[in-house]
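To keep things clear, I will list the structure first and then write my remarks on it.
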Amino acid sequence: MDKESLKEDFYYLIGYMLTSANGLYKEPADYGVIRLLDTTERLISILEDHNIADHFLLHLRDELKEEKEGAMDNERRKVMIRRLVMEYTEELEHHLG
Amino acid sequence: MSRRSVRALKTDPIPEASLEIIIHAAAAAATAGNRQPWTFITICEPKRLKALRSLSPGMLGKPTAVIVLCMDETRAMLTEEGDIDKMGWMDIGAAMQNILLAAHDLTLGACPIGSFNEEAVMRFLNLPNHLKPALFIALGVPAWVPETPEKRPLEKISFYEKYGGPSGQGIA
């Protein structure tokens, strides 16, 4: 694994998270949801770039990416998040065995 | 009417000639009193784009170019209180729309971005104090174009002659 490249990717992710936190004081509450989903997608993309992401994480990432690239729709997003949480929970059970 | 905000972008670079056309279109926008209270900074160097993305939470996609529309406080109309007059913001909006339409005409994808850290971006772009970043436009070759979301019906938002009058349907 290229540690310097991984460090650089995290460096930018950390900057994104900090500026997001700073901006959210004056942004609509819904934007907090978007920022958390975007952070999740960016984090999985970093894991993928460094060959750490598994099939389930990539599935999550693809769903999040498709959602954010489409037209903004809070209701559709809410349904998607609930579904992904349940998929995650099911995956968690497989992990725990 | 086929223009959409496009966030899904390919990694293909945008030809410099296309960027020039887009900037010309921006500079040709309607502007109150010919104030032209704008400066456009275009970022297309991949490393700087990656860094700019870390300062811009609203940049959801990975554009291959970003135009930063800056408000020039020395050129904008000011209110009696010394704030930027609404016409200045409208000028920036007009420049934004020209950019979006020019990009669409060139079959490029574009999306306005309003969420970024102003102070950090000023420092990153080496902007003098009188130039304030007002808006970003992310640009790139579309990977796909989202469907048009539901729009408010014209009869709710458009009236002829007076509020509540005909919306235009049936008028020759």
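Chains as they are written, first to last, in my numbering: chain V, 1 to 97; chain S, 1 to 172. All C-beta atoms in this analysis are idealised placements derived from N, C-alpha and C, irrespective of residue type, glycine included.
Shortest alpha-carbon distance to residue i belongs to which of the options?
{"i": "S:G58", "options": "S:N117, S:R123, S:L127, S:F159", "result": "S:N117"}
{"i": "V:I44", "options": "V:L13, V:R76, V:V85", "result": "V:L13"}
{"i": "V:K78", "options": "V:S20, V:T19, V:L64, V:F10", "result": "V:L64"}
{"i": "S:L6", "options": "S:N34, S:K156, S:T64, S:S54", "result": "Note on residue identity: the sequence assigns Val, not Leu, to residue 6 of chain S. The candidate whose alpha carbon is nearest that of S:V6 is S:T64."}
{"i": "V:H50", "options": "V:S5, V:G97, V:H94", "result": "V:S5"}
{"i": "S:I23", "options": "S:A102, S:E161, S:L49", "result": "S:A102"}
{"i": "V:E66", "options": "S:Y160, S:E147, S:E161", "result": "S:E147"}
{"i": "S:E119", "options": "S:E161, S:T74, S:P46, S:L52", "result": "S:L52"}
{"i": "S:R4", "options": "S:E73, S:G164, S:Q97", "result": "S:Q97"}
{"i": "S:M122", "options": "S:E16, S:A28, S:F40, S:M90", "result": "S:F40"}
{"i": "S:P46", "options": "S:Q36, S:A27, S:D12", "result": "S:D12"}
{"i": "S:Q36", "options": "S:A8, S:T42, S:E73", "result": "S:E73"}
Where does the unbroken alpha helix (DSSP H) through residue i begin, and where does it stop?
{"i": "S:T64", "result": "Unbroken run through S:T64: none, as it is neither H nor E."}
{"i": "S:W89", "result": "86-105"}
{"i": "V:F56", "result": "55-69"}
{"i": "S:P57", "result": "Counting along the chain, S:P57 falls outside any alpha helix (DSSP H), and DSSP gives it neither H nor E."}
{"i": "V:M17", "result": "3-24"}
{"i": "S:F124", "result": "118-124"}
{"i": "S:M1", "result": "Here S:M1 belongs to no alpha helix (DSSP H), and DSSP marks it neither H nor E."}
{"i": "V:Y88", "result": "74-96"}
{"i": "V:R42", "result": "29-49"}
{"i": "S:E155", "result": "154-157"}
{"i": "S:L19", "result": "16-27"}
Anyone know if the C-beta pair for residue i and residue j falls short of 8 Å?
{"i": "S:A143", "j": "S:K10", "result": "yes"}
{"i": "V:D73", "j": "S:P149", "result": "yes"}
{"i": "S:S56", "j": "S:F136", "result": "yes"}
{"i": "V:E48", "j": "V:R61", "result": "yes"}
{"i": "S:S173", "j": "V:G70", "result": "Since the first and last residues shown for chain S are 1 and 172, residue 173 of chain S lies out of range."}
{"i": "S:A138", "j": "S:G61", "result": "yes"}
{"i": "V:I46", "j": "V:D9", "result": "yes"}
{"i": "S:I21", "j": "S:L100", "result": "no"}
{"i": "V:Y104", "j": "S:S54", "result": "There is simply no residue 104 of chain V to check, as chain V begins at 1 and stops at 97 in what is shown."}
{"i": "S:W38", "j": "S:M71", "result": "yes"}
{"i": "S:I92", "j": "S:L69", "result": "yes"}
{"i": "S:I14", "j": "S:L108", "result": "yes"}
{"i": "V:F56", "j": "V:E93", "result": "no"}
Tell me the residue span of the beta strand (DSSP E) that contains residue i.
{"i": "S:K132", "result": "131-140"}
{"i": "S:T42", "result": "38-43"}
{"i": "S:L112", "result": "The question names Leu, but residue 112 of chain S in the sequence shown is Pro. S:P112 -> beta strand (DSSP E) spans 109-113."}
**Prompt:** Which residues, taken in chain order from the region 8-21 of chain V, show a beta carbon closer than 7 Å to some beta carbon of chain S?
**Reply:** Answer set for the region 8-21 of chain V: Y12, G15, Y16, T19, S20.
**Request:** With 8 Å as the limit, tell me which residues of the region 64-93 of chain S have their beta carbon closer than that to any beta carbon of chain V; keep them in chain order.
**Result:** Residues: none.
**Prompt:** Below 8 Å, can you find three or more Cβ-Cβ pairs linking the region 123-131 of chain S to the region 75-92 of chain V?
**Reply:** They do not touch, by the three-pair rule.
**Prompt:** Quick one, which residues of the region 62-77 of chain V are near chain S if we go by CB-CB under 9 Å, in chain order?
**Reply:** Answer set for the region 62-77 of chain V: K65, E66, K68, E69, G70, A71, M72, D73.
**Request:** Specify whether the region 28-44 of chain V and the region 78-98 of chain S touch according to this definition: at least 3 beta carbon pairs, one from each stretch, less than 8 Å apart.
**Result:** With the cut-off at 8 Å, the region 28-44 of chain V and the region 78-98 of chain S do not touch.
**Short-range partners of chain V found in the region 120-134 of chain S, where Cβ spacing is below 8 Å** = Per Cβ criterion, the list reads A120.
**Request:** Specify whether the region 25-35 of chain S and the region 83-101 of chain S touch according to this definition: at least 3 beta carbon pairs, one from each stretch, less than 8 Å apart.
**Result:** Verdict: yes, contact present.
**Message:** Can you pull out the residues from the region 3-26 of chain S whose beta carbon lies closer than 7 Å to at least one beta carbon of chain V?
**Reply:** The region 3-26 of chain S vs chain V, Cβ under 7 Å: R7, A8.
**Prompt:** Quick one, which residues of the region 132-157 of chain S are near chain V if we go by CB-CB under 7 Å, in chain order?
**Reply:** Residues P146, E147, P149.
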